[in-house]
Amino acid sequence: MTVPPDHPDHPDQAHSAAARTAAAGEAETDWQRQWAAHRRDHRRLRADRPLMLSLWRGMRRRCPRCGQPGLMIRYLQPTPACADCGESFSGIRTDDFAPWLSILVIGHLLIPAVISVERLWEPPLWLHLLVFGLIGAEMVLSVLPRAKGAALGLMWALGLRGDEQQY
Ligand SMILES: [Zn+2]
1128 MTVPPDHPDH PDQAHSAAAR TAAAGEAETD WQRQWAAHRR DHRRLRADRP
1178 LMLSLWRGMR RRCPRCGQPG LMIRYLQPTP ACADCGESFS GIRTDDFAPW
1228 LSILVIGHLL IPAVISVERL WEPPLWLHLL VFGLIGAEMV LSVLPRAKGA
1278 ALGLMWALGL RGDEQQY
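Counting in our numbering, the sequence shown runs from 1128 upward without gaps.
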């Protein structure tokens, strides 16, 4: 099979492209090639794994890839692999991401409520502890697995495993 003369792979085209680059003083460096490859991989990953959709599916304890339920096999234990699409989640370690996220969310809801109640009615301390202790415990129980799912979905979408090193 012959390469058409206007195709970039044609020797004439390749030569003229290289000559143009050299003439303009824009020789592609290793760094530029690596950066272009990185950008390409990143675009491919984003197209395959949309960030917000994966996060949303994870938060509802659904598989971030196919959206089917069953991301968690126990309260806080994710399934090693999706039963529907077979995507593996066993390599992803969320560590303390889920508790951190839960504290962030619950703290911002509970603390203003505690302060407001104190200002409005000034109830005794034991009543504060009883009421907000129970509400807080209930909130943690319901938020924590969703936070874990959201963390899993987000890390899956970003291609993170939880053992990354920063150099
Ligand atoms: Zn799936």
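C-beta atoms are modelled at their ideal positions from N, C-alpha and C, and glycine is treated no differently.
Assignment of P1205 by DSSP, reduced to helix, strand and coil, places it in the strand class. Where R1184 is concerned, the enclosing alpha helix (DSSP H) starts and stops at 1178-1186. With fewer than 16 other Cβ atoms inside 10 Å of its own Cβ, C1193 counts as exposed. In the assembly as shown, R1160 is an exposed residue. Its beta-carbon has fewer than 16 other beta-carbons within 10 Å. Taking 3 residues as the shortest admissible run, the stretch 1225-1266 contains no complete beta strand (DSSP E) segment at all. With a contact defined as Cβ atoms closer than 8 Å, R1188 and D1290 miss out at about 24 Å. Cβ-Cβ distances below 7 Å link V1270 to S1229, V1232, I1233 in the same chain, with the five nearest sequence neighbours on each side left out; the list follows chain order.
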